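S.K.: One structure follows; several queries about it will come next.
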Amino acid sequence: MELSFCHIEEFNDTRIFSIIPFMIKTHSICVYGNDAGRHLPSYKADRTLANDHIFHLQHCMETAKKDLQGNEDEEDILDCCVWIMKIIIRAGLALILEKERRYTRDLYPAYEAFAKHFPDQEQNMRQALHYAINPVADTDQLCSYLEKMGPWMIKESEIWLSLHNPQRRRNMPLDNQYI
1 MELSFCHIEE
11 FNDTRIFSII
21 PFMIKTHSIC
31 VYGNDAGRHL
41 PSYKADRTLA
51 NDHIFHLQHC
61 METAKKDLQG
71 NEDEEDILDC
81 CVWIMKIIIR
91 AGLALILEKE
101 RRYTRDLYPA
111 YEAFAKHFPD
121 QEQNMRQALH
131 YAINPVADTD
141 QLCSYLEKMG
151 PWMIKESEIW
161 LSLHNPQRRR
171 NMPLDNQYI
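Just so you know, we're using my numbering here: the sequence shown kicks off at 1 and counts up by one.
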C-alpha cells in the first residue's frame, strides 16, 4: 500500500499524460469523498506512458550515482538501490511497451517482458531485479553496475525518444484514442 498527497491541479489537465492521474485512475481506490478517478480518461499501455518512464532515466541514473558516491548511510544507500533499480526495470519495460501493449508496475513481469525483447541484456536486467528485491549497501558494487548497465539503457532510451518523442516533451499529449 502506498499513500500520496497531491494538489488537484496536478491532474486537472487531461490533454497531456501525467503519472499522477494515471496512477489515480489505474492503481488507486477512493476511500473517502468524491472519486477523482471517475473524471479521468481511460489510459492505454502506449508511448505516452512509456515516455514517462524513459524521459528522466538519464537524470535518475546520474542522481543515483551522485547519491551513492561517498555515502556511508547504509539505510540511504539501500533506499537508493531499490529506487534506481525499480526505475531501470520499469524503463526497460517502457522500451518495449509499444510492442507488448501491456503495462505492469510489478517488477518480475516487467523484467520478463524486457528479457524477451533484449535477450542480450537479460542478465543485466535480472541483476537489477535482484538488487530491487535484495538491495545491497556496497556503493562500489552498485556504481559498477550502473556504469555497466547505464550507458546501454541511456543509449536505448535516446533511440526510443528519437522515434517516439523527437520534440522531447516531458508530458506527451494524449492520443485521440482516449475517452
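Ideal placement from N, C-alpha and C gives every residue a C-beta, glycine not left out.
As the structure is a prediction and not an experimental result, all values here were calculated from the model.
Could you check if Pro-173 is buried or exposed, using at least 16 other CB atoms within 10 Å of its CB as the buried criterion?
M.R.: Its Cβ having fewer than 16 others within 10 Å, Pro-173 is exposed.
S.K.: What do you get for Asn-12, buried or exposed, if any count of 16 or more other CB atoms within 10 angstroms of its CB means buried?
M.R.: Exposed, by the Cβ-count rule.
S.K.: Taking three-plus beta-carbon pairs below 8 Å as touching, is the segment 135-151 in contact with the segment 105-118?
M.R.: Result no; under three Cβ-Cβ pairs closer than 8 Å.
S.K.: Quick one: which unbroken alpha helix (DSSP H) runs of 4-plus residues sit fully inside the segment 10-36? Chain order, please.
M.R.: Entirely contained in the segment 10-36, the alpha helix (DSSP H) runs reaching 4 residues are, in chain order, 19-27.
S.K.: Along the chain, where does the alpha helix (DSSP H) that runs through Gln-114 open and close?
M.R.: Correcting the residue identity first, residue 114 is Phe in this sequence and not Gln. Run containing Phe-114: 107-117, per the alpha helix (DSSP H) assignment.
S.K.: Near Leu-97, which residues of its chain fall below 6 Å by C-beta distance, leaving aside the five closest residues on each side in sequence?
M.R.: Cβ neighbours of Leu-97 beyond the five flanking positions: Ala-45, Ala-50.
S.K.: Use the C-beta contact count for Asn-124: other C-beta atoms within 10 angstroms, 16 or more gives buried, fewer gives exposed.
M.R.: Per the 10 Å Cβ criterion, buried.
S.K.: Using alpha carbons as the reference points, say which of Leu-3, Glu-9, Pro-21, Ile-88 lies closest to Phe-55.
M.R.: When only C-alpha atoms are compared, the closest one is Ile-88.
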